[in-house]
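Peer 1: Position one of the sequence shown corresponds to residue 23 (our numbering), numbered consecutively onward.
Next up is a structure, given as structure tokens.
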Amino acid sequence: MKRIIVAVTNDLVTDQRVNRTCRALAEEGWAVTLVGRRSTPSGTHAAIGNDALPYATCRLRLLFRRSAFFYAEYNLRLFLLLLFNRADCFYANDTDTLLASTLAARLRRKPLLFDAHELFPDVPELQGRPRVQAVWRWVERRCLPHVSGAFTVCQSVADEYRSRYGIEMTVVRNVPDTPPAIKTSHEVSCPRTLLYQGAVNIGRGVKELIDVMQLLPDCRLVVAGDGDCLADERKHAANVTWGDRVQFLGRVEPDRLHALTTQADLGLCLLQDLGLNYRYSLPNRIADFANAGVPILATDFPEIRRVLERYGTGTLTGPLPNDPRGDNYSQYLESLARDIRQALQYWDTLPADERTRRFAKAGEELNWQHEKQILLAALRATVKP
Numbered sequence: 023m024k025r026i027i028v029a030v031t032n033d034l035v036t037d038q039r040v041n042r043t044c045r046a047l048a049e050e051g052w053a054v055t056l057v058g059r060r061s062t063p064s065g066t067h068a069a070i071g072n073d074a075l076p077y078a079t080c081r082l083r084l085l086f087r088r089s090a091f092f093y094a095e096y097n098l099r100l101f102l103l104l105l106f107n108r109a110d111c112f113y114a115n116d117t118d119t120l121l122a123s124t125l126a127a128r129l130r131r132k133p134l135l136f137d138a139h140e141l142f143p144d145v146p147e148l149q150g151r152p153r154v155q156a157v158w159r160w161v162e163r164r165c166l167p168h169v170s171g172a173f174t175v176c177q178s179v180a181d182e183y184r185s186r187y188g189i190e191m192t193v194v195r196n197v198p199d200t201p202p203a204i205k206t207s208h209e210v211s212c213p214r215t216l217l218y219q220g221a222v223n224i225g226r227g228v229k230e231l232i233d234v235m236q237l238l239p240d241c242r243l244v245v246a247g248d249g250d251c252l253a254d255e256r257k258h259a260a261n262v263t264w265g266d267r268v269q270f271l272g273r274v275e276p277d278r279l280h281a282l283t284t285q286a287d288l289g290l291c292l293l294q295d296l297g298l299n300y301r302y303s304l305p306n307r308i309a310d311f312a313n314a315g316v317p318i319l320a321t322d323f324p325e326i327r328r329v330l331e332r333y334g335t336g337t338l339t340g341p342l343p344n345d346p347r348g349d350n351y352s353q354y355l356e357s358l359a360r361d362i363r364q365a366l367q368y369w370d371t372l373p374a375d376e377r378t379r380r381f382a383k384a385g386e387e388l389n390w391q392h393e394k395q396i397l398l399a400a401l402r403a404t405v406k407p
């Protein structure tokens with residue numbers, strides 16, 4: 023059995039894409055070790071499934087938790103681990119693991135696979151920081167010519183990497199495992215339940231959703247997720263008179279999240295245009311809502327539009343305003359409230375058989391069993407287990 027070491031910079035607890043990838047590699051006959059960092063006291067099993075993991079995990083204890091010191095320490099520790107542990111192949115997830123993985127792969131003459139979950143140098147946190155962006159682009163420019171195979175989450179990102187570096191990437195969408203059967207009927211809740219799930223970070227629209235609830239007295243907002251902005255959004259909701267209709271659940275385990283999602287009347291995926299990384303994104307909640315049989319209102323960005331037009335499982339709205347304190351903010355909230363009301367009315371009046379047909383079609387393709395075959399086919403063509 024050949025060995026593969028998979029690297030990420032997170033704590034492994036909620037990274038479903040990496041968990042699915044490692045399971046697929048194990049099923050293909052690889053002995054997999056997943057390396058990340060320890061940022062929480064919890065183990066990995068409780069968060070990513072109750073079943074025993076078919077692969078080994080290693081979470082590094084780091085002195086630094088953020089800034090350049092974190093990335094420098096992590097890549098040094100990862101490089102040493104890759105250099106002195108048995109492996110036949112390395113698998114780097116995102117650009118922040120690429121430097122150490124590339125150096126180790128070249129020194130040991132091992133194949134290297136690269137999985138870009140996003141356009142890393144273009145993440146919102148790096149907007150307005152040209153020097154930091156330049157460093158990560160330098161890493162990609164120097165390392166990507168040495169990878170044996172590359173994957174990414176959507177066609178727009180693949181096209182951008184081809185344009186920048188001439189690298190061909192296989193698209194493996196970030197979609198959930200096959201869930202329980204999609205519900206065939208929907209009971210209208212009172213108040214109507216609007217669900218946001220995912221990271222509570224900059225540019226994700228949680229503040230705007232809290233504010234728009236003032237205009238939607240017959241709705242309640244449920245926020246399921248953790249992130250850098252969670253504390254601020256909790257405080258904001260506590261300071262508005264309608265905040266009692268906003269519920270924060272924090273981080274939710276996948277099985278519970280799916281059950282929660284099926285109870286929603288409308289899923290929400292609002293994004294601010296914070297550069298190419300957001301504009302080209304295909305958030306996994308698009309597939310999560312479709313697999314739960316729940317319609318979605320989402321920002322009209324290329325990859326999101328591609329999916330919603332193909333399957334008809336949601337409607338589109340404009341991007342979040344760049345300045346939430348600007349003069350046009352109240353107009354945006356009125357427009358968003360109108361789009362939410364229209365979406366709810368549309369799905370309330372859509373015949374049940376048509377609704378079921380659309381979500382059944384989406385469920386056939388927007389699931390990991392479908393995407394896994396694409397990943398494994400590309401892997402077999404690149405590295406022989």
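Idealized CB from N, CA, C, for every residue including glycine.
(1) How many whole angstroms separate the CB atoms of residue 159 and residue 176, which I take to be in contact at a CB cut-off of 8 Å?
(2) Spatial neighbours of residue 220 within its chain, please: CB distance less than 6 Å, with the 5 preceding and 5 following residues excluded, ordered by chain position.
(3) Look at the Cβ atom of residue 357, then the Cβ atom of residue 340, and state whether they are nearer than 8 Å.
(4) Quick one: give me the first and last residue of the alpha helix (DSSP H) that residue 339 is part of.
(5) Could you tell me if residue 145 is buried or exposed, where buried requires 16 or more neighbouring beta carbons within 10 angstroms of its beta carbon?
(6) Per DSSP, what are the beta-bridge partners of residue 216 in this structure?
(7) Please confirm whether residue 174 and residue 127 have their CB atoms less than 8 Å apart.
(8) Return yes when the Cβ of residue 33 is within less than 8 Å of the Cβ of residue 60, no when it is not.
(9) Residue 378 by DSSP, collapsed to three states: which one?
(10) Can you list, in chain order, the residues of its chain whose CB lies under 6 Å from that of residue 298, leaving out five sequence neighbours each side?
(11) Which two residues bound the contiguous alpha helix (DSSP H) that contains residue 277?
(12) What does the alpha-carbon distance come out to for the pair residue 191 and residue 172?
(13) Please look up how many angstroms separate the CB atoms of residue 7 and residue 44, rounded, as I've assumed it's under 8 Å.
(14) Please list the terminal residues of the continuous alpha helix (DSSP H) segment that includes residue 94.
(15) Does the distance from the CB of residue 120 to the CB of residue 165 come in under 8 Å?
(16) Suppose the cutoff is 6 Å on Cβ atoms and the five residues either side in sequence are ignored; what does the same chain contact list for residue 110 look like?
(17) By Cβ distance, which residues of its chain are closer than 6 Å to residue 286, with the 5 residues on each side in sequence left out?
(18) Do residue 274 and residue 243 come within 8 Å of each other at the CB atom, strictly closer than that value?
(19) If you reduce the DSSP assignment to three classes, tell me which class residue 15 lands in.
(20) For the candidate residues 199, 47 and 250, whose alpha-carbon lies nearest to that of residue 388?
(21) Buried or exposed for residue 188, please, with buried defined as at least 16 other CB atoms from any protein chain shown within 10 angstroms of its CB.
(22) Who are the Cβ neighbours of residue 281 in its own chain at under 8 Å, not counting the five residues just before and after it?
(23) Relative to the C-alpha of residue 96, which residue among 84, 231 and 391 is closest?
(24) Output needed for residue 386: all residues of its chain with C-beta closer than 8 Å, excluding positions within five of it in sequence on either side, in chain order.
Peer 2: Based on what the coordinates show:
(1) About 20 Å separates the beta carbon of residue 159 from that of residue 176, a gap too long to meet the 8 Å contact definition.
(2) 247 and 307
(3) yes
(4) Residue 339 -> not in any alpha helix (DSSP H); beta strand (DSSP E) instead, spanning 336-339.
(5) Taking every protein chain shown into account, the CB of residue 145 has 16 or more other CB atoms within 10 angstroms, so this residue is buried.
(6) 243 and 288
(7) no
(8) yes
(9) helix
(10) 141 and 144
(11) 276-283
(12) As the crow flies, the alpha-carbon of residue 191 is around 5 Å from that of residue 172.
(13) Nothing can be reported for residue 7: it is not among the residues displayed for the chain, which extend from 23 to 407.
(14) 89-106
(15) yes
(16) 24 and 25
(17) 215, 217 and 316
(18) no
(19) There is no way to answer for residue 15, as the model of the chain reaches only from 23 to 407.
(20) 199
(21) Under this definition residue 188 is an exposed residue.
(22) Excluding positions up to five away in sequence, the list is empty.
(23) 84
(24) Closer than 8 Å at Cβ, skipping near neighbours: 392.
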